[in-house]
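Taking the working numbering, the leading residue of the sequence shown gets 181, the next gets one more, and so forth. Read through the structure below, which is laid out as structure tokens, and then see the notes.
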Amino acid sequence: MKIRIYSILLVLIGISYNINAGNPDRQGQAGASELLMNPWARSAGLHSMSTSSVMGVEAMRINIAGLSRINKLEFSISNNRLFSGTGMNLNSLGFATKLGTSGAFGVEFASLDFGQIPITTTNQPAGTGGNFSPSFFQLGIGYSYTYANRISVGMLFRA
181 MKIRIYSILL VLIGISYNIN AGNPDRQGQA GASELLMNPW ARSAGLHSMS TSSVMGVEAM
241 RINIAGLSRI NKLEFSISNN RLFSGTGMNL NSLGFATKLG TSGAFGVEFA SLDFGQIPIT
301 TTNQPAGTGG NFSPSFFQLG IGYSYTYANR ISVGMLFRA
């Protein structure tokens, strides 16, 4: 009987409250989506479906705990042309090394280049004749530790 009363009470409370997070003027907006772009071919090709089994430098993008599954040292370079014809490139460089028997340290650098974008103004919507080329740079530093046969934890800082 108590379970039924608590269940009904929980449902009524859940129905009666409307919870909003963040500034109402900014709802639906997200920033720094370039931090979510995966430059590594194997995991990006599977659309990150290999999250639980990824290992090495590639793990710094989708599951940092997999970083500690490397043997000794790993070095990776990646170049992706995004949306062919737009001039967008995602370049990445990663390095990981084993620390002791169970830990691993990794560093990843990525650059997202948007190509040449024509400069336009309200007075010259067809363009001023000039171009600009914005780029985003990211640095990721991570540590992962395996404390049981199949259990790993990790921490990643990306800026």
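We treat Cβ as the ideally placed atom computed from N, Cα and C, and that holds for glycine. In this text, all values refer to a predicted model and were calculated from it rather than measured experimentally.
Counting along the chain, the unbroken alpha helix (DSSP H) around M240 starts and ends at A239 to I242. A check of alpha carbon separations from G265 across G236, F285, G295 and S228 identifies G295 as the nearest. A239 and D205 have their C-alpha atoms spaced approximately 35 Å apart. Secondary structure note for R338: it is in no alpha helix (DSSP H), and the uninterrupted beta strand (DSSP E) holding it is S332 to R338. Within the stretch 206-234, the alpha helix (DSSP H) runs of at least 4 residues that lie entirely inside it are, in chain order, 221-225.
Checking the DSSP bridge columns, you'll see Q318 partnered with A290. The bridge partners DSSP lists for K278 are A284. Contact between I244 and T231 does not hold, since the beta-carbon distance rounds to 11 Å and is not under 8 Å. Residue pairing by DSSP places S324 opposite A284 and G334 in a beta bridge. Taking C-beta atoms as the reference points, T277 and L253 count as a pair closer than 9 Å. About 11 Å separates the Cβ atoms of G283 and G322, ruling out a contact at the 8 Å cut-off.
Counting along the chain, no beta strand (DSSP E) covers N303, and no H or E run does either.
Excluding its 5 nearest sequence neighbours in each direction, F275 has C-beta neighbours in its own chain below 6 Å: F255 and V287, listed in chain order.
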